[in-house]
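Written below as C-alpha cells is the structure these notes are about.
In this note's numbering, the protein residues as written are 1 to 222.
Pasting the structure below:
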C-alpha cells in the first residue's frame, strides 16, 4: 500500500492506494482491438487469450511526480483514463501506462512492472461524467529534442466504458484500488520520448485532466 496526495472533491487529501490493475486490449470495437493487437505483434508482443486482459501491478509503481526514471530508450507512455474507488464512490483520473517495450516482448506483466505509472493528482466523480461519457477525449503528446508533437487523440467511446469494463473484470473495484483502463491508437508509431503529456478532455463541462512528466533514461549495462 502507498499513500498519494490527490485532489478529490476539490479537496487535497492523502489517499491510501491498496492495489493497482492495468486493463489491456480494452477497446469497445473488436476490429479496433485486433488492430492494436497486430500493432503490438509487429513488435513481437504475444496477444492475450481473452480480451480485455487484466494485469496486477505493484501499487508502489504509481507516482504523481513529474519525473520518472527508465532504463534505456525502449519505454513509452500512453494516455489512459483511470478509475479510483474511494469511500464507495467511483472517481476518474488521467494516467500514463508507461511500459518498457523491449521487455514487453518477453512478458507483458513484467514490462508493465518495470516502469513507474504516472498519475495526475486530480480526480472527478464518475457520476458527473456518466451522462456524456462518450464525449470525452484522450490525448497525449511527446516531446523529443525540443519538438512537441501529437501522439494520441481519440474518443473514450473507442474504449469499454467503466461499467462494462468492471463487469468483465468480474468484481467491483475494491476500496482504495486503482485501474488503468486502456488506450487509443497512436497517430504514427509507438516510440519513446524525453517528455510525455497525457490529457482527458471533457468538452461538455469545458475542463481537462492533465499530467506531464519527464523521462530520465539510464544507460543499459554496467
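Beta carbons: idealized from backbone N, C-alpha and C, even for Gly.
All values derive from a computational prediction rather than experimental measurement.
Beta-bridge partners of residue 118 (DSSP): 63.
Taken atom to atom, the span from the alpha-carbon of residue 35 to that of residue 159 is near 13 Å. The C-beta separation of residue 181 from residue 26 comes to about 6 Å, placing the pair in contact by the 8 Å criterion.
The stretch 93–109 and the stretch 153–167 do not touch, with fewer than 3 CB-CB distances between them shorter than 8 Å.
Between residue 92 and residue 83, the C-beta spacing is below 8 Å. Listed as beta-bridge partners of residue 132 by DSSP are no residues whatsoever. In the same chain as residue 12, and ignoring 5 residues on each side of it, the C-beta atoms closer than 7 Å to its own belong to 5, in chain order. Of all alpha-carbon atoms in 102, 164, 124, the one lying nearest the alpha-carbon of residue 207 is that of 124. Between residue 175 and residue 10, the alpha-carbon positions lie close to 20 Å from each other. Note: residue 160 is not bridge-paired with any residue in the DSSP secondary-structure output.
In the structure shown, the three-state DSSP call for residue 145 is coil. Going by beta carbons, residue 173 and residue 23 fall outside the 8 Å limit.
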